[in-house]
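J.: Once you've had a glance at the structure underneath, I'll fire off some questions.
Here it is in structure tokens:
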């Protein structure tokens, strides 16, 4: 699992909760790149509306430093790797491939560097064949850039008040 923009850690916690509920065999490896990590108190305040995740959050999010570099927290079969750096610089240097990606949820107008074509191409290079990506944005340019990077892209119904979002799949080589 990969993610651009760790933010509050909500995507990680929801993924961990679903993985545990499904009693998946094997390991869960979660990689997230975040340029500006939140302070633990701010993160806890932001996660307060999700009390069911509070029990999961403590041992994970409390152990993450806000300093630049690669930080790993492991508990049992789960590892969380937080890379505190600019994703545009860090992702191309990582020797890992994810089966699925959460892409930054902010609108490209608010955070344009997270939807730059070169970064989306790096995401594709770091995606396993048949892997997926999802982003809350439905911006046409992001969809076109993901398609140019090799993803088969769909605009799909969003969540809550969000009308649409984007999903993609990286086809397996033939």
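In our numbering, the protein residues as written are 398 to 571. Heads up, the beta-carbon is just placed ideally off N, CA and C, and yes, glycines get one too.
Please list, in chain order, all residues of the same chain as residue 425 whose beta carbon is under 8 Å from its beta carbon, the five residues on each side excluded.
T.: For the purposes of this step, residue 425 is taken as the residue at position 28 of the chain shown. 398, 412, 413, 416, 474, 475 and 476.
J.: So for residue 399, helix, strand or coil by DSSP?
T.: Translated into the one-based positions of the chain shown, residue 399 becomes position 2. Residue 399: strand per DSSP, three-state reduction.
J.: Following the continuous alpha helix (DSSP H) through residue 540, name the residue where it begins and the one where it ends.
T.: In the chain shown, the residue the question calls residue 540 occupies position 143. Taken as a continuous stretch (DSSP letters only), the alpha helix (DSSP H) holding residue 540 covers 537-546.
J.: With C-beta atoms as the reference, is residue 478 less than 8 Å away from residue 487?
T.: One-based indexing of the chain shown puts residue 478 at position 81. One-based indexing of the chain shown puts residue 487 at position 90. Not a contact, by the Cβ cut-off of 8 Å.
J.: Could you tell me which of 566, 497 and 482 sits nearest to residue 490, measuring between CA atoms?
T.: Taking the first residue of the chain shown as position 1, residue 490 is located at position 93. Cα-wise, what sits closest to residue 490 is 482.
J.: Mind checking whether residue 569 and residue 527 have CB atoms under 8 Å apart?
T.: Along the chain shown, one-based indexing puts residue 569 at 172. Along the chain shown, one-based indexing puts residue 527 at 130. Yes.
J.: Pull up the DSSP beta-bridge partners for residue 468, would you.
T.: Taking the first residue of the chain shown as position 1, residue 468 is located at position 71. Looking at the DSSP output, residue 468 shares a beta bridge with 479.
J.: Between residue 434 and residue 452, which are expected to be in contact by the criterion C-beta below 8 Å, what is the C-beta distance as a whole number of angstroms?
T.: Against the chain shown, residue 434 aligns to sequence position 37. Against the chain shown, residue 452 aligns to sequence position 55. The Cβ separation is near 22 Å, so there is no contact.
J.: If you reduce the DSSP assignment to three classes, tell me which class residue 562 lands in.
T.: Here the question's residue 562 lines up with position 165 in the chain shown. In the structure shown, residue 562 sits in a strand (DSSP, three-state: E or B).
J.: Between the beta-carbon of residue 405 and the beta-carbon of residue 460, is there less than 8 Å?
T.: In the chain shown, counting from the first residue as 1, residue 405 sits at position 8. In the chain shown, counting from the first residue as 1, residue 460 sits at position 63. No.
J.: Where does residue 531 sit, in a helix, a strand or coil, going by DSSP?
T.: As a first step, residue 531 is located in the chain shown; it is residue number 134 there, counting from the start. Residue state, collapsed to three classes: strand.
J.: Among residues of its own chain, excluding the 5 on either side of residue 485, which ones have a beta-carbon nearer than 8 Å to its beta-carbon?
T.: Translated into positions along the chain shown, residue 485 becomes position 88. Result list for residue 485: 510, 513, 515, 516 and 519, in chain order.
J.: How about residue 552 and residue 561: are their beta carbons less than 8 Å apart?
T.: To locate residue 552, count along the chain shown from 1; it is residue 155. To locate residue 561, count along the chain shown from 1; it is residue 164. Result yes, Cβ atoms of residue 552 and residue 561 sit closer than 8 Å.
J.: How far does the beta strand (DSSP E) with residue 430 in it extend, from its first residue to its last?
T.: The count along the chain shown starts at 1 and reaches residue 430 at position 33. Unbroken beta strand (DSSP E) run through residue 430: 425-431.
J.: Measure the alpha-carbon distance for residue 494 versus residue 523 and round it to whole angstroms.
T.: In the chain shown, residue 494 corresponds to position 97, counting from 1. In the chain shown, residue 523 corresponds to position 126, counting from 1. Taking the straight line joining both Cα atoms gives about 4 Å.
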